[in-house]
Amino acid sequence: MKKFFLFRCIVVTIAALPCTISFAQKKTIDQKVDSVLKLMTLDEKIGQMNQYNGDWDATGPITKDGDKQNQIRKGMLGSMLNVTGVEHTRELQEIAMQSRLKIPLLFGQDIIHGYRTTFPIPLAEACSWDTTAIKLSSRIAATEAAAAGVHWTFAPMVDIARDPRWGRVMEGAGEDPYLGSVIAAARVRGFQGNGLGNVDAVMACAKHFAAYGAAIGGRDYNSVDMSLRTLWEIYLPPFKAAEDAGAATFMNSFNDLNGIPATGNKYLQRTILKDDWNFKGFVVSDWGSVGEMINHGYAKDGYEATMEAVTAGCDMDMESRSYINNLSKLVKAGKIKVELIDDAVRRILRKKFGMGLFDDPFKFCDTTREQQQWNNADNLKAEKTVAEKSIVLLKNENHVLPLSKQTKTIALIGPFIKAVRDNLGFWSYQYPDDSARITTQYQGIQNKVSKDTKILYAKGCEINDTSQAGFAEASDVAKQADVVIMSVGEASDWSGEAKSRSNLQLPGMQEELIKAIYATGKPVVVMINAGRPLIFNWTADNVPSILYTWWLGTEAGDAIADVLFGDYNPSAKLPISFPRTEGQIPIYYDHYKTGRPATSDSDRFYRSAYIDLSIYPKYCFGYGLSYTNFSYSAITMSDSIMHANKPVTAEITVTNTGNYDGEETVQLYIQDLVGSVVRPVKELKGFQKIFLKKGESKEINFTVDIDKLKFYNDDLKYIYEPGDFKVYIGTNSQDVKEASFKLE
Ligand code: GLC
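In my numbering, the protein residues as written are -12 to 731.
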């Protein structure tokens, strides 16, 4: 008895200890926040809710006005964006220390896929389905940015996107809520590292809250109109995952959602985020979005826009000057209670304390650390590894790939072969030494092949013009080679913010160039560099080997060469469906069945599809090839009956039947055959990445528990319903093995 008692006593003591410590810590921060708040004038409180762009760079329509430094000195400015570098951040922080209460500035920055070392664009990284790699990418980005004085990144962008006409699809993780959620959490953990307050951790910012990726027509900033069920089922899960992972901040979005701009949307910011999800961080507007509610026709002037935004839960105003110009008047007129201001300021100050900025406003202003992170060779090595995992092998007929490093003569053709900054993609940083730092595809291939290999080169055409003047030279070069490697695509400013496209074809004369080179009869490999799914049907149907290389970042050339010559066996899988035509958009894998489901292209009538087009995307969600082949056994279910408290297991054996060791992402989908609302034909509910040596087999088990069967019903309750289910396991969302079970 004594022994038990002693044990219990220890457990109680130990159990209590962390609570005591954490309560004390929490109490201390809250106490400090309140002690500062008590000293603040209304204008100083409003100053904390005000964020301006620095004078060095802009990521939106810049407002030139007054003397920012004096506003900092007077405590009218609590945060700035687009100020980087120890020198600049220290300069402004020193001015903040001249203010009456010495409240430190927060420096925010769009560190979307790297700062000094540019990583693949997020949509490319999502192709890796490798949360460890993705977390590492964010971790390195945070370390480099924090060394440059940045406290806060406006990332991860976690918007689900199913319309590749929308240019910002490049910033996210594609079309699926499950994959988007696991990646959102990985990115938040990468950015925030071992916790805020560490000098290599930056605050994450889940954006754009919410449903920005569902802009009608894929036109950026356009309206969004959807059922609340779709909002909860598809668009909110990655935000909830980011919040669960501890995201310090959220950013609301430019779009109106069902008629209410997100920035003034109380349902989103208070009901869901701050009440339902108990979010303790703060919400920043997107650039100017408070003031843009006037354009939306939701506020008649800045005074009303300010009232709507603060009431709805937008804690900080990025760049619109609405708060600094109107909030004091609103409080004095009794339109806004000071309690709302205090709540917003508490949230902001809590983060400044959490970052340790009150203890040491200059803790992120260390020139030694900045220099150490400026040319970190380990970061470049990591970038190459992540880039290799992001390259999707779309086609490889006759095993043209991998190429031999001893190939006698290789022709390199296309406007991307020697491109430099176009490898970095949108939301990247340009530096004077880029030409020396970025490994071009030409250099990567040159570094890889034997010294006896002869490399020929012709640009062939520009990325986007009508001239075919370079075709003759390119054809001549191709005819002299044993194999031709072509690199085409979108320029790095053709996807990203305000970059929606109505035409997703390869720009300019690039596909004509591919046809001309193909006509030489030489074996051709085509690489496509883009920030989104493009449409290239002729190339896809005729060229034997195709790699989708996205925009892969600083080490693009070496990563691509590793794949081309077999030093890395491609393993990436698409996180978004590739449409055959613009007219097929939106197309995504987890669609409903409808009353007239199409099950094959031969079923050409009475179906929810087009009479002049296949029912399938060009490449489906989860698709990606390897230099080897993987075979899947039948699925074995542990039981045909499942209970809410008794999960079942789906087991399958995967075998590497090819000639190369390789990595496979085994995907688990589930279908609820009948529901109180219609249910998708399948939904991704898990995946496992496995590495198999050639000839090796591995048994894979997926546990199907009740959480994998839940959905939002018509009353927006997150429930499960007994009935029949199907399990699909396979190499992509179409090529799957099937099994069934019943939930009782
Ligand atoms: C931009 C973007 C947002 C970014 C912000 C600051 O307009 O919409 O994603 O974080 O402004 O640059």
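All C-beta atoms in this analysis are idealised placements derived from N, C-alpha and C, irrespective of residue type, glycine included.
Which value, in whole angstroms, describes the spacing of the CA atoms of residue i and residue j?
i       : j      : result
Leu255  : Glu326 : 20 Å
Pro634  : Lys704 : 22 Å
Asn616  : Thr644 : 5 Å
Met303  : Pro348 : 20 Å
Thr71   : Ala445 : 39 Å
Leu24   : Arg333 : 7 Å
Leu411  : Pro109 : 11 Å
Gly167  : Ser720 : 16 Å
Ala137  : Met36  : Sequence inspection shows Val at residue 137; the Ala mentioned does not correspond to that position. Distance between the alpha carbons of Val137 and Met36: 18 Å.
Arg666  : Ile147 : 19 Å
Pro709  : Glu162 : 27 Å
Tyr222  : Gly251 : 18 Å
Ile558  : Asp452 : Looking at the sequence itself, residue 558 is Ser, so the reference to Ile does not match. Computed Cα separation, rounded: 34 Å.
Lys729  : Ile693 : 12 Å
Glu131  : Ala235 : 19 Å
Val277  : Asn312 : 12 Å
Val145  : Asp554 : 32 Å
Gln658  : Met27  : 56 Å
Asn40   : Leu534 : 39 Å
Thr15   : Asp262 : 24 Å
Asn524  : Ile98  : 34 Å
Ile(-3) : Glu370 : With a pLDDT of 35 at Ile(-3), under the threshold of 50, the modelled position of that residue is not reliable, and no figure is offered here.
Glu731  : Asn632 : 10 Å
Glu124  : Gly101 : Reading off the sequence, residue 124 comes out as Ser, not Glu. Their backbone Cα atoms lie some 7 Å apart in a straight line.
Thr568  : Asp353 : 51 Å
Asp409  : Arg424 : 13 Å
Lys486  : Thr105 : 20 Å
Lys672  : Tyr715 : 10 Å
Phe698  : Tyr707 : 6 Å
His283  : Tyr310 : 18 Å
Pro510  : Phe94  : 51 Å
Val20   : Thr258 : 24 Å
Ala320  : Ala229 : 37 Å
Any heavy atom of ligand 1 closer than 7 Å to the beta-carbon of residue i?
i      : result
Leu93  : no
His578 : no
Thinking residue i and residue j are a contact (beta carbons under 8 Å), I'd like their distance in whole angstroms, please.
i      : j      : result
Ser733 : Asn383 : Outside the modelled stretch of the chain, which goes from -12 to 731, sits residue 733, for which no answer is possible.
Thr140 : Ala191 : 6 Å
Ser437 : Gln393 : 5 Å
Thr396 : Ala468 : 5 Å
Ala292 : Ala299 : Between Ala299 and Ala292 the Cβ distance is about 11 Å, and since that is not below 8 Å, they are no contact.
Asn63  : Asp30  : For the record, residue 63 in the displayed sequence is Met; it is not Asn. Confirmed, Cβ separation roughly 7 Å.
Val471 : Ile572 : Actually they are not in contact, since the Cβ atoms of Val471 and Ile572 sit about 32 Å apart, beyond 8 Å.
In chain order, each alpha helix (DSSP H) run of at least 4 residues that lies wholly inside the segment 522 to 579: The qualifying runs are 524 to 529 and 543 to 551.
Can you list every residue whose CB sits closer than 5 Å to some heavy atom of ligand 1, going in chain order? Those residues are Thr46, Gly47, Asp97, Phe141, Asp273 and Trp274, given in chain order.
Note down, one range per segment and in chain order, each alpha helix (DSSP H) of at least 4 residues found wholly within the segment 153 to 223. Counting whole runs of 4 or more residues, the segment 153 to 223 contains the alpha helix (DSSP H) stretches 164 to 179.
Give the list of continuous alpha helix (DSSP H) stretches no shorter than 4 residues that lie fully inside the segment 218 to 300. Restricting attention to alpha helix (DSSP H) runs no shorter than 4 residues, the segment 218 to 300 encloses them at 224 to 231, 279 to 283 and 289 to 299, ordered along the chain.
Write down every uninterrupted run of the alpha helix (DSSP H) in the segment 369 to 432 whose length is 4 residues or greater and which is fully enclosed by it, in chain order. If we require 4 residues or more, the alpha helix (DSSP H) runs fully inside the segment 369 to 432 come out as 421 to 424.
Which runs of the beta strand (DSSP E) at least 3 residues long sit entirely within the segment 626 to 689? Give them in chain order. Annotation: the segment 626 to 689 contains the following complete segments of the beta strand (DSSP E) (minimum length 3 residues), in chain order: 635 to 643, 649 to 659 and 670 to 679.
Suppose only complete runs of 4+ residues qualify. What are the alpha helix (DSSP H) ranges in the segment 306 to 355, listed by chain order? The DSSP assignment places 309 to 319 and 325 to 341 as complete runs of the alpha helix (DSSP H) inside the segment 306 to 355, in order along the chain (cut-off: 4 residues).
Which runs of the beta strand (DSSP E) fall wholly inside the segment 449 to 481 and span at least 3 residues, in chain order? Within the segment 449 to 481, the complete beta strand (DSSP E) segments at least 3 residues long are 470 to 476, listed from N- to C-terminus.
Could you name each continuous beta strand (DSSP E) segment of 3 residues or more that falls completely within the segment 37 to 107, going from the start of the chain to the end? The segment 37 to 107 is shown to contain whole beta strand (DSSP E) runs of 3 or more residues at 37 to 40, 66 to 68 and 93 to 96, in chain order.
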